[in-house]
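Below is one structure, written out as structure tokens, with a few remarks after it.
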Amino acid sequence: MNRQVNDQAAYNKVIAAFKKQRKGATAADITARTALPLAVVREMVPRAADEFSGRLEVTESGEILYSFPHGFTSKYRGFGPAFSRFFARFCSGVKALGILLFKIWIMVMLVGYFVLFLLIALAAVLLSVAAKSSNSNSRSRGDGGAGIFLGGRILDLVFRIWFYSELSRSFNGRPVRGPVRSGNSAKKAPLYKSIFSFVFGDGDPNKGWEETEKKTVIAYLQTHRGVISLPEYMVLSGREPIDAEEALMAFCAEFGGSPEATDEGTVVYRFDELLLRNDKQDRSFAGASAPLKRLKAFSQNKGGTNFWVGLINTVNLLFGSYFLVNALTTGIPPAILNNAPQRISSLYDFTIALFYQLTGANPLTFVTIGLGFVPLIFSVLFWLIPAIRFFTLKGENESLKLENFRKIGYGRIWSAPSLVKSGEIKTAAAECKPRSLSKAEDRVIKDMGAIALPDITIDAAGAEVYSFGGLEREKAALEKYRAGIDGGASDLGKTVFDSHDMVIE
Numbered sequence: 000m001n002r003q004v005n006d007q008a009a010y011n012k013v014i015a016a017f018k019k020q021r022k023g024a025t026a027a028d029i030t031a032r033t034a035l036p037l038a039v040v041r042e043m044v045p046r047a048a049d050e051f052s053g054r055l056e057v058t059e060s061g062e063i064l065y066s067f068p069h070g071f072t073s074k075y076r077g078f079g080p081a082f083s084r085f086f087a088r089f090c091s092g093v094k095a096l097g098i099l100l101f102k103i104w105i106m107v108m109l110v111g112y113f114v115l116f117l118l119i120a121l122a123a124v125l126l127s128v129a130a131k132s133s134n135s136n137s138r139s140r141g142d143g144g145a146g147i148f149l150g151g152r153i154l155d156l157v158f159r160i161w162f163y164s165e166l167s168r169s170f171n172g173r174p175v176r177g178p179v180r181s182g183n184s185a186k187k188a189p190l191y192k193s194i195f196s197f198v199f200g201d202g203d204p205n206k207g208w209e210e211t212e213k214k215t216v217i218a219y220l221q222t223h224r225g226v227i228s229l230p231e232y233m234v235l236s237g238r239e240p241i242d243a244e245e246a247l248m249a250f251c252a253e254f255g256g257s258p259e260a261t262d263e264g265t266v267v268y269r270f271d272e273l274l275l276r277n278d279k280q281d282r283s284f285a286g287a288s289a290p291l292k293r294l295k296a297f298s299q300n301k302g303g304t305n306f307w308v309g310l311i312n313t314v315n316l317l318f319g320s321y322f323l324v325n326a327l328t329t330g331i332p333p334a335i336l337n338n339a340p341q342r343i344s345s346l347y348d349f350t351i352a353l354f355y356q357l358t359g360a361n362p363l364t365f366v367t368i369g370l371g372f373v374p375l376i377f378s379v380l381f382w383l384i385p386a387i388r389f390f391t392l393k394g395e396n397e398s399l400k401l402e403n404f405r406k407i408g409y410g411r412i413w414s415a416p417s418l419v420k421s422g423e424i425k426t427a428a429a430e431c432k433p434r435s436l437s438k439a440e441d442r443v444i445k446d447m448g449a450i451a452l453p454d455i456t457i458d459a460a461g462a463e464v465y466s467f468g469g470l471e472r473e474k475a476a477l478e479k480y481r482a483g484i485d486g487g488a489s490d491l492g493k494t495v496f497d498s499h500d501m502v503i504e
């Protein structure tokens, strides 16, 4: 757009003029009221129609009439839109912070508690060995050194499994000898990444889709003389009619397009400036088709990784439940109160005795909360978040399938509007197969029927046959309009100036 189009004062004049034209206005009406150049008005009108959800109508004379049945409440300016953007960013930040904190909690729980439980078990072994060898100091020292060595090796193993997951390697770090099979030579993901994938998933596979969609439409425009119709945009985007019309107006405002009317009264959207390019490569997706969105996977983990992740959490759940139940029902074991360590026979009794000796204080509160409530609550949340994702993922993927199916269905009807049989809109692609194909097909036919009402007949087999005569005429008018555009207008021609050739004396 030129400098005038970006002038806010001129844009405000256009809006003020539209407010005085309650029954709608043409670009010429706005020019008469504002004294702005007609070319500037024609470029500003799509921007106004996008911001205030304007409506387009074609008059008998072939002019486009713009009206605003929803008033002049901006979609982008004012307190409401600003608060909505702030709230969306705030929610996104809170979600990101929550995920980060829970990831840290996962690290503490699945590493810290795992090491803690191993150390408790190791301490139990060492104390048992020390009790049996109390008559031999040398033997006791030897066992202590072995225990320290064993403890170091256990911690080293935990570190390797957690951060590298190289389970096929030996404890000394050298690969296990054996034949290398094709497909198994790639380094496995670290365990902590597999756990995060299980809990939070692996992100949106369609991230940046808005940019992809814009590139698709631009590529289509550049191979179709800079002109696109509403049904074609629906084929490329998979949007329903009302949403597609609003999106097209936003696209016009962003990329310098303007609605035009053909001699037959069909509305088309023209983008002349997008044709002025040096790269002539066709980047469209085989004509009136578009890339499909990918379905969201629960996790990218391979094989039984999710099973082992679930097993780790189950161990936490069992230990937390065990310590919590014993702490609430048993309290301080009688053997500890009676100073009779020889009667200690359970893991709970040993744990109470161990922390009592280490701290010199009553460890019941620590065991109840630290080894009971905390791992139990963590384990419940660890299962709850993936469970919620699992059930919401079904709905999200169903929406993706419907959107992809709409692209297929719209494309089928647009390619041959005069003969569309009920039940023939099909696809083998999993990402395009919604739960009910018949309902999805009915929805597609109704969407296209909102643009041009079809004639319905019944064939010999009893199937409904739809004939979209209005779409057939719109296609003919569109091709005639495109044929009337000078194809050489987009030719850049030879270079007449090159800054490299400038000579400064």
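Letter 221 of the sequence shown, counting from 1, is numbered 220 in numbering that gives the first Met the number 0, and no numbers are missing. A virtual CB, placed ideally from N, CA and C, is assigned to each residue, including glycine.
Own chain residues within Cβ distance below 8 Å of residue i, not counting five before or after
i, result
"K19", "R32"
"A9", "Q3, T33, L35, V39, M43"
"I351", "I331, P332, I335, P362, L363, V366"
"D28", "A16, Q20"
Residue i, buried or exposed, once every other Cβ within 10 Å from all chains shown has been counted against 16
i, result
"S257", "buried"
"L100", "exposed"
"V443", "buried"
"L166", "In this predicted model, L166 has a pLDDT of only 39, less than 50, meaning its place in the structure is not dependable; the value taken from the coordinates is given anyway. It counts as exposed."
"A289", "buried"
"C90", "exposed"
"D454", "exposed"
"H69", "exposed"
"P385", "buried"
"E478", "exposed"
"Y268", "buried"
"A460", "exposed"
"E423", "exposed"
"S298", "buried"
"I457", "exposed"
"F354", "buried"
"F389", "exposed"
Spatial neighbours of residue i in its chain, beta-carbon cut-off 7 Å, leaving aside the 5 residues before and after
i, result
"P374", "M108, Y112, N315, F318, G319"
"F322", "Y347, V366, L370, G371"
"G237", "E402, N403, R405, K406"
"N183", "With a pLDDT of only 47 at N183, under the threshold of 50, the placement of this residue in the model should not be trusted; the figure read from the coordinates follows. Here the set comprises nothing."
"E212", "S236"
"N205", "K292, R293"
"N396", "L294, K295"
Residue j beta carbon less than 9 Å from that of residue i
i, j, result
"N403", "K292", "yes"
"A252", "I63", "no"
"A48", "L37", "no"
"Y191", "I105", "yes"
"A451", "L470", "yes"
"K295", "G359", "no"
"G309", "F467", "no"
"K74", "E50", "yes"
"T304", "S193", "yes"
Close beta carbons around residue i, own chain, < 6 Å, minus the five adjacent residues each side
i, result
"F377", "M108"
"Y232", "A243, L247"
"K12", "T33"
"S52", "H69"
"K420", "A462, V464"
"S181", "For S181, the predicted model reports a pLDDT of 45, less than 50, meaning its position is unreliable and no value from the coordinates is stated."
"G150", "Low local confidence applies: a pLDDT of 48 at G150 is under 50, so the model's placement there is unreliable, with the coordinate-based value given in what follows. Excluding positions up to five away in sequence, the list reads L121."
"E440", "I424"
Reference residue i; option with closest CA among the options
i, options, result
"E263", "D441, A476, W104", "A476"
"V234", "E395, R434, M447, R76", "M447"
"Y65", "P433, A26, L392", "A26"
"N277", "Q221, K301, E212", "Q221"
"A326", "I368, G303, N300", "I368"
"Q7", "K22, D28, R46", "R46"
"V114", "A439, I311, T265, H223", "I311"
"A272", "N305, V226, F297, Q299", "According to the sequence as given, residue 272 is Glu; it is not Ala. Taking only the C-alpha atoms, the option nearest E272 is V226."
"Y480", "F390, T391, H223, D458", "H223"
"R472", "A415, I457, P433, T456", "A415"
"A218", "I194, F254, E397, G207", "F254"
"K400", "C431, I412, E239, T391", "C431"
"L275", "D485, T58, A24", "D485"
"T58", "G77, A81, A24, L392", "A24"
"G202", "E210, I14, L392, I412", "L392"
"A429", "G207, I412, S398, G410", "S398"
"R41", "F270, R434, F78", "F270"
Identity of the residues DSSP links to residue i by a beta bridge
i, result
"V267", "S228, E259"
"T456", "V464"
"R54", "S66"
"K420", "V464"
"A24", "Y65"
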